[in-house]
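Counting in the working numbering, the sequence shown runs from 57 upward without gaps. From the three backbone atoms N, C-alpha and C, an ideal C-beta is built for every residue, glycine too. These notes concern the structure reproduced below.
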Amino acid sequence: MAVPEAVGLIDLALKAVTAYDRPDLAPRLKQAKGRLTDPAVRVLVVGEFKQGKSQLVNALVNATVCPVDDDIATAVPTLVRYGEDTTVTLVRESTGGDGTPGEHAERTPVPLEKLAEYVSEGGNPGNRAGLTRAEVTLPRKLLQSGLVLVDTPGVGGLGSAHGAATMSALPTADAVLLVSDASQEYTAPEIEFLQAARKLCPNVACVVTKTDLYPHWRRIVELDEGHLRNARIGAELLPVSSALRLHAARTQDLDLIAESGFQALVGFLLRKVVSRADDLSRRSTSQDVLATCQSLESRMRAELMSQNDPEKAGALAKDLEAARARVDALRQRSARWQTTLNDGVADLIADIDYDLRDRLRAVSRDAEQLLEDADPADIWEQFAEWFHKQVSHAVAQNFVWTTERARWLAEQVAEHFAEDVDVQLPELRISGGAVAGKVDALEMPVGENFGAGQKLFVGMRGGYGGLLMIGLASTVAGFALLNPLSIGAGLLFGAKTVRDEKKRLVQRRQAEAKNAVRRHIDEVTFQVGKDSRDNLRQIQRELRDHFTALAEELSASLKGSVEAAQTAVKDDAARQKRVADLEAELERVEGLAERARKLAAAVDTAEAS
57 MAVPEAVGLI DLALKAVTAY DRPDLAPRLK QAKGRLTDPA VRVLVVGEFK QGKSQLVNAL
117 VNATVCPVDD DIATAVPTLV RYGEDTTVTL VRESTGGDGT PGEHAERTPV PLEKLAEYVS
177 EGGNPGNRAG LTRAEVTLPR KLLQSGLVLV DTPGVGGLGS AHGAATMSAL PTADAVLLVS
237 DASQEYTAPE IEFLQAARKL CPNVACVVTK TDLYPHWRRI VELDEGHLRN ARIGAELLPV
297 SSALRLHAAR TQDLDLIAES GFQALVGFLL RKVVSRADDL SRRSTSQDVL ATCQSLESRM
357 RAELMSQNDP EKAGALAKDL EAARARVDAL RQRSARWQTT LNDGVADLIA DIDYDLRDRL
417 RAVSRDAEQL LEDADPADIW EQFAEWFHKQ VSHAVAQNFV WTTERARWLA EQVAEHFAED
477 VDVQLPELRI SGGAVAGKVD ALEMPVGENF GAGQKLFVGM RGGYGGLLMI GLASTVAGFA
537 LLNPLSIGAG LLFGAKTVRD EKKRLVQRRQ AEAKNAVRRH IDEVTFQVGK DSRDNLRQIQ
597 RELRDHFTAL AEELSASLKG SVEAAQTAVK DDAARQKRVA DLEAELERVE GLAERARKLA
657 AAVDTAEAS
């Protein structure tokens, strides 16, 4: 639900720009209203496999939505949002030839009881159905505020394919809940995932589940708090029991509800997530409306000054013209912010590409060394799993660094745009960070079959040569062609030939496996590098358009002020009437600006208390 006072303020500002003939200010206000009317506050529920993520979502909405069982693992993300009726929709997004999402998505409604067949590993192993997500709507008060819970597949660590895919979704999330059960303290992959998640989504909380199953859960919570302190991760830690919460909801036992720990979790979601999203909406709305009021006031005050003191109108017009020239310079290619943006993106593309190649080269070297030390046929299954994790880890780390650098670049451009202009950065949406679905999995090269028949044939071929060579030599000494010496030599030569052939085949498998690794690395480098470049160019366009539009708004405001200051004032009666009109209009605009300031002040007061 959009913040009512913010929407009302935007509507009033839109009426003002229409009344004062400033259509150039309307796009910013309409974009702000579009942000307000989007109610979604996305909360990603992430964690390792079988930690109780799906059960946690079910307990939060008090409904058996996400499939839960000891042998069921989530394979497809499930979004749970508010709706008047309970519905389930499977979403399959089409992709273009370059692997980018298509314009249309295939949406298929299914009964709620059939959901497990599509979103679990048991019913849809490895997501063979190619689903993007499942969307569930429920009539729940908790969700009515715009909260959207996303049950994700187990991350399996930052280096897994699911972990990298989850990482790529973090910049679009408003909050993240990392779920880990009370059976053990945090593992290294979980801490590593948390550190990366904090860089992409600052609003992160840690949930310790299954406290009803483990009597020592308080000790686990203490250890987890220590790990968070040592890693310098400022995240709230919330122990809960989903089973107690669901049982308490059925029996309406208030004591059990309190014991389950869900009151603190729901409080966090409403106080720190939904409320902060509303606060951000209020603050950004206040900034947009104040900027609009400043643009409206600048023209009116210039005209008012020229009407009150016609002799100074010429000097005022010159000052305004000089200011307008400075703003117009911001739109030129030679402007400092343009140079910073273009050079920054070019440098960033080069740095990100080098970082990716460097990480993948290290993975390639380690992989080739492993293949050099063993027969690929013996270790391929374990090697392929390790290799995919290392590649996904490298790509995810590269994505985290790309996101951090892109945000840093946006701040640098804002600083160089104009020192005397209050600049609000656009919301940057960065995608990528995963190779699943974009790059084919590493496949074991098909080698020659060296079975018992081939070994016998190769051994006989080598043994025949040894038998013949030694047998002919021994006939000079008067021995028969077939004698113990020649037979022994044949056996030795045959065994050596078999060993040499096996060695040759191992070396061939090693060479083919290394080539397969190199091809896979090249494909990952090509695809991920393209995604990174596309992301950065999209960010460049967003920043360029944002600051260009801002410069155009300023230029239009100053142009109107110059024209007003240059207006000839001849009729004293008309001048007095115009002065009164301008003062009344300025009072109305100031009233609108005061409402915008109060909207932001209310947020500051609430945060201070």
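Burial state of residue i (16 or more Cβ within 10 Å)
{"i": "PRO209", "result": "buried"}
{"i": "PHE439", "result": "buried"}
{"i": "GLY186", "result": "exposed"}
{"i": "ASP237", "result": "buried"}
{"i": "TYR138", "result": "buried"}
{"i": "PRO295", "result": "buried"}
{"i": "THR682", "result": "Nothing about residue 682 can be read from this structure; the chain reaches only from 57 to 665."}
{"i": "GLN308", "result": "exposed"}
{"i": "ARG301", "result": "buried"}
{"i": "THR458", "result": "buried"}
{"i": "PRO133", "result": "buried"}
{"i": "TRP464", "result": "exposed"}
{"i": "LEU326", "result": "exposed"}
Contact belief for residue i with residue j at Cβ below 8 angstroms, rounded distance in angstroms
{"i": "THR348", "j": "LEU81", "result": "5 angstroms"}
{"i": "VAL63", "j": "LYS89", "result": "7 angstroms"}
{"i": "VAL101", "j": "LEU205", "result": "6 angstroms"}
{"i": "VAL97", "j": "VAL330", "result": "5 angstroms"}
{"i": "LEU279", "j": "ALA253", "result": "Not really, about 20 angstroms apart at Cβ, beyond 8 angstroms."}
{"i": "VAL277", "j": "THR396", "result": "Not quite, the Cβ-Cβ distance comes to about 47 angstroms (not below 8 angstroms), so this is no contact."}
{"i": "GLU666", "j": "GLU104", "result": "There is no way to answer for residue 666, as the model of the chain reaches only from 57 to 665."}
{"i": "LEU68", "j": "LEU606", "result": "Wrong, their Cβ atoms sit about 22 angstroms apart, outside the cutoff."}
Endpoints, beta strand (DSSP E) assigned at residue i
{"i": "LEU226", "result": "Element bounds for LEU226: n/a, residue is neither H nor E."}
{"i": "PRO295", "result": "292–295"}
{"i": "ASP237", "result": "231–237"}
{"i": "ALA54", "result": "Since the displayed the chain opens at 57 and closes at 665, residue 54 lies outside it and no answer follows."}
{"i": "GLY103", "result": "97–103"}
{"i": "ASP207", "result": "203–207"}
Residue i versus residue j: straight-line alpha-carbon distance, rounded
{"i": "ASN286", "j": "ALA423", "result": "32 angstroms"}
{"i": "ALA305", "j": "ASN118", "result": "7 angstroms"}
{"i": "GLY282", "j": "VAL345", "result": "45 angstroms"}
{"i": "LEU599", "j": "ALA466", "result": "7 angstroms"}
{"i": "LYS328", "j": "ARG338", "result": "15 angstroms"}
{"i": "VAL333", "j": "ASP207", "result": "First, the amino acid is wrong: residue 333 is Ala here, not Val. Straight-line Cα distance between these residues: approximately 20 angstroms."}
{"i": "LYS255", "j": "ALA229", "result": "12 angstroms"}
{"i": "LEU198", "j": "ARG84", "result": "31 angstroms"}
{"i": "ASP141", "j": "SER176", "result": "23 angstroms"}
{"i": "LEU234", "j": "SER110", "result": "12 angstroms"}
{"i": "VAL136", "j": "THR267", "result": "24 angstroms"}
{"i": "ARG148", "j": "GLY178", "result": "19 angstroms"}
{"i": "VAL264", "j": "LEU293", "result": "7 angstroms"}
{"i": "GLU61", "j": "ILE289", "result": "35 angstroms"}
{"i": "ASP431", "j": "THR553", "result": "19 angstroms"}
{"i": "GLN425", "j": "PRO540", "result": "44 angstroms"}
{"i": "GLU666", "j": "LYS106", "result": "Nothing can be reported for residue 666, as the shown portion of the chain is limited to 57 through 665."}
{"i": "VAL584", "j": "ALA244", "result": "26 angstroms"}
{"i": "LEU592", "j": "LYS445", "result": "25 angstroms"}
{"i": "PHE324", "j": "PRO181", "result": "34 angstroms"}
{"i": "ARG555", "j": "PHE455", "result": "47 angstroms"}
{"i": "THR156", "j": "ILE577", "result": "With a pLDDT of 42 at THR156, under the threshold of 50, the modelled position of that residue is not reliable, and the figure given next carries that caveat. Each residue's Cα considered, the two are about 20 angstroms apart."}
{"i": "SER588", "j": "ILE408", "result": "8 angstroms"}
{"i": "ASN398", "j": "GLN350", "result": "30 angstroms"}
{"i": "ALA291", "j": "ASN259", "result": "8 angstroms"}
{"i": "HIS472", "j": "THR120", "result": "53 angstroms"}
{"i": "SER201", "j": "HIS449", "result": "36 angstroms"}
Residue-chain proximity (residue i, chain B), Cβ-Cβ < 9 angstroms
{"i": "LEU397", "result": "Absent from the structure: chain B. Only one protein chain is present."}
Identified DSSP bridge partners for residue i
{"i": "TYR138", "result": "LEU194"}
{"i": "THR243", "result": "Answer is none; THR243 lacks a bridge partner."}
{"i": "GLU641", "result": "Paired residues: none, contrary to the question."}
{"i": "LEU146", "result": "THR164 and ALA190"}
{"i": "SER176", "result": "THR130"}
Range covered by the alpha helix (DSSP H) that runs through residue i
{"i": "ASP67", "result": "60–75"}
{"i": "VAL330", "result": "First-last for VAL330: undefined, no H or E at that position."}
{"i": "HIS283", "result": "273–286"}
{"i": "ASP407", "result": "392–429"}
{"i": "GLU315", "result": "310–316"}
{"i": "LEU116", "result": "109–117"}
{"i": "ARG184", "result": "Element bounds for ARG184: n/a, residue is neither H nor E."}
{"i": "ARG78", "result": "First-last for ARG78: undefined, no H or E at that position."}
{"i": "LEU300", "result": "298–307"}
Cβ-heavy atom distance, residue i to the ligand GDP, below 8 angstroms
{"i": "ASP556", "result": "This structure does not include the ligand GDP; it has no bound ligands of any sort."}
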